[in-house]
Amino acid sequence: MVPTEKSELVQAIVEAYLLDGTRQYSRTEVAAQSGTTTALTKRLWMALGFPAGLDDDAVDYTDADIAAVRNFQRLDVLSSADARQQAATARTLGQGMARLAEWQVDLVLAELGERIAAADPDADQEETIRTATEGTIATLEQLNAYAWRRHLAAALSRSLDPGTSAGETVRELAVGFADMVGYTRLTRHLHPDELSLLLESFESTTTAAITENGGWVVKNVGDEVMFAANSAVNAARIALAIQESTMMVGGTPELRVAVAYGSVLQRFGDLYGSVVNIASRLTGVARPGTVLIDDEAAAALDGEPEFIIKNLRSVRVRGFNRLRPHVLRRNDKHH
96 MVPTEKSELV
106 QAIVEAYLLD
116 GTRQYSRTEV
126 AAQSGTTTAL
136 TKRLWMALGF
146 PAGLDDDAVD
156 YTDADIAAVR
166 NFQRLDVLSS
176 ADARQQAATA
186 RTLGQGMARL
196 AEWQVDLVLA
206 ELGERIAAAD
216 PDADQEETIR
226 TATEGTIATL
236 EQLNAYAWRR
246 HLAAALSRSL
256 DPGTSAGETV
266 RELAVGFADM
276 VGYTRLTRHL
286 HPDELSLLLE
296 SFESTTTAAI
306 TENGGWVVKN
316 VGDEVMFAAN
326 SAVNAARIAL
336 AIQESTMMVG
346 GTPELRVAVA
356 YGSVLQRFGD
366 LYGSVVNIAS
376 RLTGVARPGT
386 VLIDDEAAAA
396 LDGEPEFIIK
406 NLRSVRVRGF
416 NRLRPHVLRR
426 NDKHH
């Protein structure tokens with residue numbers, strides 16, 4: 096980690112480097128130079144997750160902030176949107192970046208500590224810290240950009256598949272959930288390090304099963320992963336692969352997995368609608384170690400020789416009076 100006596104210098108260098116300049120503009124000046132209003136700049140600033148004071152003339156902004164507002168204006172779909180849509184876009188962007196930044200803080204500090212410790216002790220201290228700080232952040236920034244570009248390419252490819260319209264908000268998708276059985280009990284008894292290892296094993300195992308079978312992770316929330324795929328077949332392969340791979344990892348709790356298929360609202364990287372709710376409810380009633388699917392997924396998989404589907408009695412769950420689950424299994428005789 097960064098030595099305490101050097102932390103103030105590191106903080107000053109980090110701020111100057113990351114903010115791309117010194118704070119020299121007020122919100123009034125940002126609005127004037129970007130061709131907007133102080134109300135809009137304040138709304139965007141707060142939606143991104145940054146504190147915004149009441150004083151429009153307080154000097155708190157840099158050239159990068161002006162450039163950001165201008166870039167926001169250059170996106171026609173955003174500049175022509177209403178205030179609520181603009182704020183929702185900024186808020187989603189801010190939340191994603193904030194979560195990434197919070198995770199990366201320890202990584203940055205550890206790397207800075209390593210680079211400062213390895214530097215020539217006779218070299219100029221301030222220059223050593225500046226070089227270590229700027230080099231660490233530049234490398235991380237390149238990795239962030241690389242990962243974002245690859246993920247954007249994959250997401251665009253999915254959205255531009257035949258049968259879909261670019262930018263459409265309602266799509267035919269298979270949505271699934273997998274959650275760990277007994278997670279609440281485990282959290283009471285596991286040491287934080289053990290819990291971290293458990294979550295890492297769960298996330299790495301499920302992510303591999305999802306991506307290797309043509310799907311994508313929508314989000315991880317503690318003991319649960321939500322995934323999606325463009326077809327019921329891919330989602331079925333994912334669900335079975337998750338169960339099978341988890342059983343091979345010693346010490347991992349059993350999972351409940353379920354999939355539903357149909358029209359889904361896609362909004363800011365998340366999925367909404369009855370299909371999502373059905374998949375979630377089915378996960379809650381699935382027996383540990385099994386995969387449940389809904390009627391629509393079962394119909395889409397009918398006749399697929401690699402799967403065996405067993406119909407179960409209808410169940411009553413929150414929000415649905417009669418929900419008919421089907422157990423999905425792999426057909427071991429199919430090659």
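Heads up: the sequence shown begins at 96 in the working numbering, then just goes up one per residue. Quick reminder that beta carbons are idealized off the backbone N, C-alpha and C, glycines included.
query = Using the rule of at least 16 other Cβ atoms within 10 Å of the residue's Cβ for burial, across every protein chain shown, is THR282 buried or exposed?
reply = exposed
task = Name the two residues that bound the continuous alpha helix (DSSP H) containing PHE363.
result = Premise fails: PHE363 is in no alpha helix (DSSP H) and is neither H nor E.
query = What residues in its chain sit with their C-beta under 7 Å from that of LEU290, if we drop five residues either side in the sequence?
reply = Once the five neighbours on either side are set aside, the close Cβ partners of LEU290 are THR282.
request  = Would you identify the three-state DSSP class for VAL164, choosing helix, strand or coil?
outcome  = helix
query = Does the count of Cβ pairs from the segment 318–329 and the segment 266–286 closer than 8 Å reach three?
reply = Taking one beta carbon from each stretch, the segment 318–329 and the segment 266–286 have 3 or more pairs nearer than 8 Å; the two touch.
Contiguous alpha helix (DSSP H) assignments of at least 4 residues, all confined to the segment 240–317 = 278–284 and 287–307
message = How far does the beta strand (DSSP E) with LYS405 in it extend, from its first residue to its last?
response = For LYS405, the enclosing beta strand (DSSP E) covers residues 402–406.
ask   = By a C-beta neighbour count over all protein chains shown, 10 Å radius and 16 as the cutoff for buried, is VAL359 buried or exposed?
value = buried
request  = Put ASP397 into one of helix, strand or coil per three-state DSSP.
outcome  = coil
Residue environment, SER260, which counts as buried when at least 16 other CB atoms sit within 10 Å = Per-residue confidence for SER260 stands at a pLDDT of 47, beneath the threshold of 50, marking its modelled position as unreliable; the derived number appears in the next sentence. In the assembly as shown, SER260 is an exposed residue. Its beta-carbon has fewer than 16 other beta-carbons within 10 Å.
task = Return the CA-CA distance between SER174 and LEU139, expressed in angstroms with no decimal places.
result = 12 Å
ask   = Whose C-alpha, out of ALA178, ILE404 and ARG186, is nearest the C-alpha of PRO146?
value = ARG186
key: Close beta carbons around ILE108, own chain, < 8 Å, minus the five adjacent residues each side   = ILE224, ARG225, THR228 and GLU229
task = Quick one: give me the first and last residue of the beta strand (DSSP E) that GLU349 is part of.
result = Taken as a continuous stretch (DSSP letters only), GLU349 belongs to no beta strand (DSSP E), as it is neither H nor E.
inquiry  = So, at 7 Å on beta carbons, what are the nonlocal neighbours of ARG413 in its own chain, with the 5 sequence-adjacent residues on each side left out?
reply    = ARG376, listed in sequence order.
task = Look at the Cβ atom of THR136, then the Cβ atom of VAL164, and state whether they are nearer than 8 Å.
result = Cβ distance < 8 Å, so THR136 and VAL164 count as in contact.
ask   = With distances taken from CA atoms, which of ALA233, ARG351 and ALA176 is nearest VAL203?
value = ALA233
ask   = With distances taken from CA atoms, which of LEU247, GLN180 and TRP198 is nearest LEU235?
value = TRP198
query = Quick one: is PRO216 buried, meaning 16 or more other Cβ sit within 10 Å of its Cβ, or exposed?
reply = exposed
ask   = Can you name, in chain order, every residue of its own chain whose Cβ lies under 6 Å from the Cβ of GLY262, other than the five neighbours on each side?
value = Because the pLDDT at GLY262 is just 47, under 50, the model does not fix this residue reliably, and the point stays unresolved.
ask   = CA-CA distance, ARG210 and THR231?
value = Rounded to whole angstroms, ARG210 to THR231 spans 9 Å at the Cα level.
inquiry  = Let me confirm a value: GLU206 is counted as buried when at least 16 other C-beta atoms fall within 10 Å, else exposed. Which label applies?
reply    = buried
ALA334 to VAL352 span [Cα, whole Å] = 6 Å
task = Note the first and the last residue of the continuous beta strand (DSSP E) segment covering LEU423.
result = 421–425
key: Residues that DSSP places opposite GLU339 in a beta bridge   = The partner list for GLU339 (beta bridge, DSSP) is empty, contrary to what the question assumes.
ask   = If you count every other CB in all the chains shown that lies within 10 Å of the CB of ASP397, and 16 or more means buried, which is it?
value = exposed
ask   = Using the beta-carbon count (16 or more within 10 Å), is THR279 buried or exposed?
value = exposed
Beta-carbon proximity check, ILE373 vs PHE402, cutoff 8 Å = no
query = Would the beta-carbon of ASN325 fall within 8 Å of that of ASN308?
reply = No.
request  = Using only alpha-carbon positions, find the residue among PRO420, ARG408, GLU399 and ALA196 that is nearest to ASN426.
outcome  = GLU399
inquiry  = Tell me the rounded alpha-carbon separation between ALA393 and VAL313.
reply    = 22 Å
request  = Look up GLY357 in the DSSP assignment and say whether it is helix, strand or coil.
outcome  = In the three-state DSSP reduction, GLY357 falls in the strand class (E or B).
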